[in-house]
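Trainee: The structure that follows is given in the form of structure tokens.
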Amino acid sequence: MAEGLYERIYAAVKRIPEGRVATYGQIAAMIGIPRGARQVGYAMAALGRGRPRPDIPWHRVVNAKGESSIGGEQISRLQAEGVVFGTNGRIDLKLFGWDGIEEAE
DNA sequence: ATCCTGACTGTTC
DNA sequence: AGAACAGCCAGGA
Numbered sequence: 147m148a149e150g151l152y153e154r155i156y157a158a159v160k161r162i163p164e165g166r167v168a169t170y171g172q173i174a175a176m177i178g179i180p181r182g183a184r185q186v187g188y189a190m191a192a193l194g195r196g197r198p199r200p201d202i203p204w205h206r207v208v209n210a211k212g213e214s215s216i217g218g219e220q221i222s223r224l225q226a227e228g229v230v231f232g233t234n235g236r237i238d239l240k241l242f243g244w245d246g247i248e249e250a251e
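Position in the first sequence counted from 1, then plus 146, gives you the numbering used here.
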């Protein structure tokens, strides 16, 4: 181990099934860091900085309100996966929110 | 090596 | 309902 904390975050993000979205706080909680939502956001930001972008579906990570914190490409990608945005630009976490459990195929 | 910035959340008033 | 406070890690200059 001795992996960076970000590595764990990226791993959790990769677990998000297609067509579903997870919140920053949810990712943080599932890897064991309460109140670590910010760290998750930082990790995502680090992806677009200088870090290479592996196959991390960062676009599937949204804020607690169910909307994209950055918008732009993120929203386009989510819609391409079938995620529907409300009139206010928010997603129904009850419908697209990921429970942290991958659906069996 | 140090300082600054960056894609958040829940609680309380 | 809107605003403020506190907690957290890594990378770039």
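Yeah, the Cβ is synthetic: ideal placement off N, Cα and C, and Gly gets one too.
Identify every residue that forms a DSSP beta bridge with Phe231.
Mentor: In the first sequence, residue 231 corresponds to position 85, counting from 1. Answer is Ile237, bridged to Phe231.
Trainee: Use the C-beta contact count for Ser214: other C-beta atoms within 10 angstroms, 16 or more gives buried, fewer gives exposed.
Mentor: Along the first sequence, read from residue 1 onward, the residue named residue 214 stands at position 68. Per the 10 Å Cβ criterion, buried.
Trainee: How many angstroms separate the CA atom of Phe231 from the CA atom of Gly171?
Mentor: By one-based count along the first sequence, residue 231 stands at place 85. By one-based count along the first sequence, residue 171 stands at place 25. Straight-line Cα distance between these residues: approximately 20 Å.
Trainee: Since Ile162 and Ala168 are thought to touch, with beta carbons under 8 Å apart, how far apart are those beta carbons, to the nearest angstrom?
Mentor: Your numbering for residue 162 matches position 16 in the first sequence. Your numbering for residue 168 matches position 22 in the first sequence. With 8 Å as the limit, Ile162 and Ala168 qualify as a contact, their Cβ atoms being about 5 Å apart.
Trainee: How big is the Cα-Cα spacing for Gly194 and Ala250?
Mentor: Within the first sequence, residue 194 is the residue found at index 48, counting from 1. Within the first sequence, residue 250 is the residue found at index 104, counting from 1. It is roughly 31 Å from the alpha-carbon of Gly194 to the alpha-carbon of Ala250.
Trainee: Looking only at its chain, what residues have a beta carbon closer than 7 Å to the beta carbon of Asn209, apart from the 5 residues adjacent to it on each side?
Mentor: As a position in the first sequence, residue 209 is number 63, starting the count at 1. Here the set comprises Thr169, Tyr170, Ser215.
Trainee: Provide the residue(s) that pair with Ala158 in DSSP beta bridges, ordered along the chain.
Mentor: Within the first sequence, residue 158 is the residue found at index 12, counting from 1. Its beta-bridge partners do not exist; DSSP assigns none.
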